[in-house]
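Note that our numbering has the sequence shown beginning at 498, numbered continuously upward. Note that the Cβ used here is the ideal one computed from N, Cα and C, for glycine as well. I have placed the structure first, in the form of structure tokens, so that the comments after it can refer back to it.
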Amino acid sequence: MAANLQIHPYLFFGGSCREAMQFYKSIFGGELMISTFGESPADAHSSPAANSDAMKDKIMHASLNGPVRILASDNPELIHPRNDGQFALSIEGTDEALLTEYFHKLSDGGRIQAKLGKQFWGDTFGMVEDQYGITWMISIKVPAQ
């Protein structure tokens, strides 16, 4: 029996979760749901830092639900958030205009790591680190003949 499983990225930010998720919503669309640490019971947090005044307006959990699903929060333990190159988010599809738009919007305020272009394997591919330090790989697949 096959299980109906899905994997969704859960991103941790050091205080910029709200801004990052609003940025992703402006690109991908969908419904953004946000809960702050201050809205949740104090005993619901495993970290004492989560109960500090500095964290009350920070994001305990956010979900962007639409064509792309992203989950995220502000991590009170994360003082210097960074992506050590241990992961990247990959988006692939055949809609060249849409994926090209995603690439350019994600690069706004960020850094292009690999220009979007035709690759030796036939697809169009590019890589960008967005302004929040998240690396995205965009792959425009050649439609099956």
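- [ ] Please list, in chain order, all residues of the same chain as Ile576 whose beta carbon is under 8 Å from its beta carbon, the five residues on each side excluded.
- [x] Per-residue confidence for Ile576 stands at a pLDDT of 49, beneath the threshold of 50, marking its modelled position as unreliable; the derived number appears in the next sentence. The answer, listed in chain order, is Gly511.
Task: Reference Val565; option with closest CA among Asp571, Pro506, Phe617 - done: Residue Pro506 is the option with its Cα nearest to Val565.
Open item on the list: Quick check on the burial criterion: 16 or more other C-beta atoms within 10 angstroms. Buried or exposed for Lys615?
Closed with: Counting Cβ neighbours within 10 Å, Lys615 comes out exposed, since fewer than 16 surround it.
Task: Nonlocal neighbours in the same chain, by C-beta distance under 8 Å from Asn572, ignoring five residues either side - done: Excluding positions up to five away in sequence, the list reads Phe509, Phe510, Gly511, Pro578.
TODO: Just mark Trp618 as buried or exposed, buried being the case when its beta carbon has 16 or more other beta carbons within 10 Å.
DONE: By the neighbour-count rule (16 or more Cβ atoms within 10 Å), Trp618 is not buried but exposed.
TODO: Assign Phe584 to one of two classes, buried (16 or more other C-beta atoms within 10 Å of its C-beta) or exposed (fewer than that).
DONE: Exposed.
Task: Nearest residue (CA-CA) to Asp620, options Lys602, Ile504, Leu596, Ala551 - done: Of the candidates Lys602, Ile504, Leu596, Ala551, the one whose C-alpha sits nearest the C-alpha of Asp620 is Leu596.
- [ ] Going by DSSP, name the residue or residues bridged to Tyr629.
- [x] Paired residues: none, contrary to the question.
TODO: Kindly identify the DSSP beta-bridge partner or partners of Phe622.
DONE: Beta-bridge pairing links Phe622 to Gly614, Ser636.
Task: Length of the line joining the Cα atoms of Ser537 and Gln642 - done: Looking at the two C-alpha atoms, the distance is approximately 52 Å.
Open item on the list: Rounded to the nearest angstrom, what separates Glu589 and Asp627 at their Cα positions?
Closed with: Answer to the nearest angstrom: the Cα atoms are 17 Å apart.
Open item on the list: With distance defined between alpha-carbon atoms, name the residue in Glu598, Val625, Leu613, Ser587 nearest to Ser604.
Closed with: A check of alpha carbon separations from Ser604 across Glu598, Val625, Leu613, Ser587 identifies Val625 as the nearest.
TODO: Name the two residues that bound the continuous beta strand (DSSP E) containing Phe509.
DONE: Residues 507-510.
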